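Peer 1:
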Amino acid sequence: RIGIMEDLVEKLGEWSPIPVTYAGGARSLADLELVKKLGKGKVDITVGSALDIFGGDLSYEKVVQWHDSQHKDSDDEYERSLAMAAEAALAAAFASEKAIEVAEKTKQSYNVLKSLPCQQTRLKSV
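Residue numbers for the sequence shown follow this note's numbering, so the first one is 2 and each next one is one higher.
Encoded structure:
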């Protein structure tokens with residue numbers, strides 16, 4: 002039982018262009034936090050024989066709670082991003098509707114102007 006190889010986790014967090022999993026070595030919630038910190042959030046960790054359900058001292062239930070708490074912030078951020086995207090889409094739709102309305106009014110104004118006797122010659126060339 003060597004524990005977490007800190008230098009390796011740190012290098013994985015720096016060098017890996019894809020998500021990567023460090024296997025084993027975790028014996029406490031502090032070890033999970035350490036991997037998260039050293040791996041700059043890019044390194045996951047597997048936990049096996051250290052779990053109480055496999056005879057170890059680390060509570061499976063607490064690991065699940067820790068995991069869920071890590072994703073709570075990103076879930077909230079995701080929800081905020083979705084809400085902002087929906088607002089932007091609604092604003093774009095509204096702006097598009099207004100643009101169509103303005104275009105219709107412009108076309109109507111053009112048709113009115115075009116029907117005036119003094120403008121017929123001038124507007125035909127437009």
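The C-beta atom is built at its ideal place from N, Cα and C for all residues, glycine as well.
The model shown is predicted, which means the values in this text are computed figures rather than measured ones.
From which residue to which residue does the beta strand (DSSP E) around Asp-45 run?
Peer 2: For this step, residue 45 is matched to residue 44 along the sequence shown. Segment 44-47, the beta strand (DSSP E) holding Asp-45.
Peer 1: Indicate whether Ala-31 and Thr-47 have their beta-carbon atoms separated by less than 9 Å.
Peer 2: Walking along the sequence shown from the start, residue 31 turns up at place 30. Walking along the sequence shown from the start, residue 47 turns up at place 46. Not in contact: Ala-31 and Thr-47 (Cβ atoms no closer than 9 Å).
Peer 1: State the Cα-Cα distance for the pair Glu-62 and Phe-55, rounded to the nearest angstrom.
Peer 2: Indexing the sequence shown from 1 puts residue 62 at position 61. Indexing the sequence shown from 1 puts residue 55 at position 54. Between Glu-62 and Phe-55, the C-alpha separation is close to 13 Å.
Peer 1: Quick one: what does DSSP say Val-24 is sitting in, helix, strand or coil?
Peer 2: Position 23 of the sequence shown, counted from the start, is the residue given in the question as residue 24. The sequence as given places Ala at residue 24; Val does not occur at that position. Ala-24 falls in the strand class under three-state DSSP.
Peer 1: Which one or two residues does DSSP pair with Leu-52 in a beta bridge?
Peer 2: The residue labelled residue 52 in the question sits at position 51 within the sequence shown. Answer is Leu-59.
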